[in-house]
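Notes to accompany the following structure.
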Amino acid sequence: MASMRSYSAVAKGDLEEWLTVYAEDGVVEDPVGPSMFDPEGKGHRGHAGIRAFWEQAIAPIDTFAFTITESFANPGSNTCANIGSIRTAFADGSHTTTDLIMVYVVDDEGRVSSMKAYWEPERTMASFTQA
């Protein structure tokens, strides 16, 4: 499943592996709508945009722990929705937890053409814990 390959690559800190999960014209909206990572809320498009998102949002994090509590995918569909949380830890030992819903659409080759992460930055920041 493409979403699990994505989580694995992020947890390993492997940008190049992560990019192979995405179609060349893939779009990442994380979070959906305007945010500190995407002020216009239009998403990060193509491998260049997805790479830039990684450098801005993922690279500064020391560790990621993904917990998926529910996953919904109709057999034969190219879409799944995962409900869960991501615990992110920084090099200084501080951490946050993000509760979210992630919706993935894959193309005929099994690569992600769209990933939309629904979460609230304010809630994540409220979970910030100093080391």
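What the sequence shown shows, in my numbering, is residues 20 to 150, in sequence order. We put the CB at the ideal spot given by N, CA and C, even for glycine. Note that the structure is predicted; figures quoted are calculated from it, not measured.
Query: Residue of Thr117, Leu34, Asp44, Asp33 minimising C-alpha distance to Thr148; Result: Thr117
Query: C-alpha gap between Asp126 and Ala145, whole angstroms; Result: 36 Å
Query: Whether Met121 touches Ser54 by CB criterion (9 Å); Result: no
Query: Span of the beta strand (DSSP E) around Arg106; Result: 98-108
Query: Start-to-end residues for the beta strand (DSSP E) that takes in Ala84; Result: 82-91
Query: Top-ranked residue by Cα proximity to Lys135, from Asn101, Lys31, Gly95; Result: Asn101
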